Amino acid sequence: MEQVKSLNNFISEVKGKSEFYENVVDTDTNIKVSDDSQVFHYRICKNVKNTLKVSLGKNSVYQLITLVLGDAEIGVDIDMKGENSSCKSDVVYVEGKNGKATISTFLQHNAKRTKSSQLIKGVAFEDGKADFLGRIYVPYNKKEIEASQQHRALLLSKNALVKAVPMLEIYSDDVKCAHGSAIGSLDQEQLYYMKTRGVDALEAHKILTYAFLNEVCEGILSDDLKNTWEILIQECLGQNV
Amino acid sequence: MSAFLEIKDLYVNAGEKEILKGLSLSINRGEIHVVVGPNGAGKSTLSNVLCGNELYKVISGNIDFNGENLLPISVEDRARRGIFLSFQSPVEISGISMSTFMKYALNSHRKFKGLEPLDAISFAKHLKIRAKALGISDEMLKRPVNVNCSGGEKKRLEIFQMAVLEPELCILDEMDSGMDVDAVKIASNGVNIMKDSKRSFLIISHNNDFLYEQIKPDYVHVLVNGKIVKTGSKDLLLDIKKSGFSQFQKEI
Ligand SMILES: Nc1ncnc2c1ncn2[C@@H]1O[C@H](COP(=O)(O)OP(=O)(O)OP(=O)(O)O)[C@@H](O)[C@H]1O
Ligand SMILES: [Mg+2]
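Protein chains in written order, with this note's numbering: chain A, 336 to 576; chain B, 1471 to 1722.
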């Protein structure tokens, strides 16, 4: 499998099976995934403004996981052009003091039998903010489409603010679409359970917060990268949760 | 000298509701006590109050544990002092595996005792021996805490956590419910192996045969309507099996 540590420029075309790690900068990124190809793409977006544009060829699979930290404005634009292509676009965001994430995703099912799934999970504490706009587009007459979008956020302080807006533009009648958003706080019963095992309150908060986000991070194939992300996330959570 | 656990005239509310109404109970080190009683009598409430659950408010009365007033002590510090509850309905926690959870829990117990965290190999060994004895697979320990576990598996994992943390007061709230015959045997063997002169058990169950034959308690208490109305030897279980709780309900 091809591995590219950093990919900051225009990428014309990707063939075969590849894995990309990207420390995202302000220059936009474009990827064209060829027919029958598979791409795993991991992006760390810290204090940047960036739009990613991806187009998918026939039978291709594209799996994207994005980590959003600090002040970031991120666009993800995936065009499922080829029949039978599928994508996963998951996001983790952590927003603390002075942080604001604006995340806009636009998933277009422009061919029949295309599938998309999105799991967006985030945490906001202190005066951290996040805006998520999730647009899904299915044109008229595209058959056998599946789309799912789930957003979950934890608000860990009174001044933290999270907004999620799903925008479904569905003009076909052969679509299975599920979406939902839930914003809440840590589960008191889980906290209690951990404390009855001797884990102290602060630690239990941290473990549960990370466990919440970990559902997305678990999708990362490489253990090294998983660890890198965990360190970055824990750093951001710091003493604040 | 007061007992290892000494509960005196305890009144406890949940919100406006009075649940425990003058409950007294004492347990010495090394003893196995059983609490039986009808649904809604307050058995699980008692277990949770001993752990310091903030949903329950102690209105009056005392709880001393190991010569210390337990009431001002936090949930986690009670656990680290050796109180363990095997829950009637354990919660699920996705995103953290049982083995990682136990690493945090065990190391925090060790820190409290002034010990270094266990190294990876010793920790793995500590878990493995106990998992094996309780018929718990590696795969189950890798699963997120209690997620995708059957009722019986959850109970088995509760006993496993108890074996890992080696508490001094083990409270088992309906550990046998939902378990198949073999699992109950394994769990009660676990209890019998852990029984020693320093460790005490408070066991709640609706299964009198299980208590009588496998647990063989030193004392049996009947909890009705928020208080202990009768205390006796294990033969009291036979009596209850025959005549139910109505005989005690009349006494109040
Ligand atoms: N958090 C709570 N808030 C309000 N009422 C509660 C709460 N917890 C328990 N109760 C009530 O207190 C009473 C005692 O409940 P508890 O769970 O202690 O009973 P139990 O003896 O364990 O019963 P069972 O044998 O069914 O497990 C019940 O009427 C229950 O509904
Ligand atoms: Mg109960």
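Every residue gets a Cβ at the ideal spot worked out from N, C-alpha and C, and that includes glycine. None of these values were measured; they are calculated from a predicted model.
Name, in chain order, the residues that DSSP records as bridge partners for residue i.
i, result
"residue 505(A)", "473(A)"
"residue 1477(B)", "1495(B) and 1533(B)"
"residue 391(A)", "368(A) and 415(A)"
"residue 1614(B)", "1567(B)"
"residue 1631(B)", "Per DSSP, none; premise fails for residue 1631(B)."
"residue 455(A)", "426(A) and 486(A)"
"residue 378(A)", "357(A) and 401(A)"
"residue 1528(B)", "1482(B)"
"residue 1693(B)", "1698(B)"
"residue 440(A)", "411(A) and 469(A)"
"residue 514(A)", "484(A)"
"residue 1680(B)", "In the DSSP output, where bridge partners are listed per residue, residue 1680(B) has none listed."
"residue 386(A)", "410(A)"
"residue 1715(B)", "Note: residue 1715(B) sits in no beta bridge, so no partner."
"residue 1509(B)", "Answer is none; residue 1509(B) lacks a bridge partner."
Output the distance between the C-alpha atoms of residue i and residue j, rounded to the nearest integer angstrom.
i, j, result
"residue 1555(B)", "residue 520(A)", "25 Å"
"residue 568(A)", "residue 429(A)", "7 Å"
"residue 1710(B)", "residue 1678(B)", "8 Å"
"residue 1553(B)", "residue 1584(B)", "18 Å"
"residue 412(A)", "residue 458(A)", "23 Å"
"residue 436(A)", "residue 403(A)", "7 Å"
"residue 1498(B)", "residue 405(A)", "56 Å"
"residue 506(A)", "residue 472(A)", "8 Å"
"residue 1488(B)", "residue 1658(B)", "33 Å"
"residue 434(A)", "residue 535(A)", "28 Å"
"residue 1613(B)", "residue 1491(B)", "41 Å"
"residue 468(A)", "residue 1559(B)", "38 Å"
"residue 545(A)", "residue 553(A)", "11 Å"
"residue 1647(B)", "residue 1674(B)", "10 Å"
"residue 1571(B)", "residue 481(A)", "36 Å"
"residue 542(A)", "residue 1566(B)", "8 Å"
"residue 1625(B)", "residue 1496(B)", "26 Å"
"residue 444(A)", "residue 559(A)", "33 Å"
"residue 557(A)", "residue 1663(B)", "42 Å"
"residue 421(A)", "residue 379(A)", "22 Å"
"residue 398(A)", "residue 375(A)", "5 Å"
"residue 496(A)", "residue 549(A)", "21 Å"
"residue 483(A)", "residue 503(A)", "11 Å"
"residue 1601(B)", "residue 354(A)", "38 Å"
"residue 1481(B)", "residue 1532(B)", "9 Å"
"residue 1699(B)", "residue 1718(B)", "7 Å"
Name the chain A residues whose beta carbon is nearer than 8 Å to that of residue i?
i, result
"residue 1631(B)", "532"
"residue 1640(B)", "The contacting residues do not exist; residue 1640(B) stays about 12 Å from chain A at best."
"residue 1635(B)", "532 and 533"
Taking Cβ-Cβ distances shorter than 7 Å, what residues in chain A pair up with residue i?
i, result
"residue 1550(B)", "533"
"residue 1546(B)", "530, 533, 534, 535 and 536"
"residue 1521(B)", "531"
"residue 1493(B)", "Those within 7 Å of residue 1493(B) in chain A number zero; the least Cβ separation is about 20 Å."
"residue 1555(B)", "531"
"residue 1672(B)", "Residues of chain A passing the Cβ test: none, with the nearest at roughly 14 Å."
So which residues on chain B does residue i lean against when the C-beta distance must stay under 9 Å?
i, result
"residue 525(A)", "1561, 1562, 1563 and 1615"
"residue 542(A)", "1563, 1565, 1566, 1570, 1571 and 1574"
"residue 547(A)", "1564 and 1565"
Can you tell me whether residue i is buried or exposed, with buried defined as 16 or more other CB within 10 angstroms of its CB?
i, result
"residue 1633(B)", "buried"
"residue 1637(B)", "buried"
"residue 476(A)", "exposed"
"residue 362(A)", "exposed"
"residue 1590(B)", "exposed"
"residue 1529(B)", "exposed"
"residue 566(A)", "exposed"
"residue 451(A)", "buried"
"residue 349(A)", "buried"
"residue 1578(B)", "buried"
"residue 1607(B)", "exposed"
"residue 1542(B)", "exposed"
"residue 1651(B)", "exposed"
"residue 1644(B)", "buried"
"residue 1522(B)", "buried"
"residue 562(A)", "exposed"
"residue 1621(B)", "exposed"
"residue 1713(B)", "exposed"
"residue 1505(B)", "buried"
Name the chain B residues that come within less than 8 Å of residue i, Cβ to Cβ?
i, result
"residue 550(A)", "1564 and 1565"
Residue i touches chain A at which residues, Cβ-Cβ below 9 Å?
i, result
"residue 1578(B)", "532, 533, 534, 535 and 538"
Practice problem: List in chain order the residues whose CB is within less than 7 Å of at least one heavy atom of ligand 2. | Solution: 1513(B), 1514(B), 1558(B), 1643(B), 1644(B) and 1674(B)
Quiz item: Using a Cβ cut-off of 9 Å, which residues of the region 346-375 of chain A contact any Cβ in chain E, in chain order?
Solution: The chain labelled as chain E is not found among the protein chains of the depicted structure, namely A and B.
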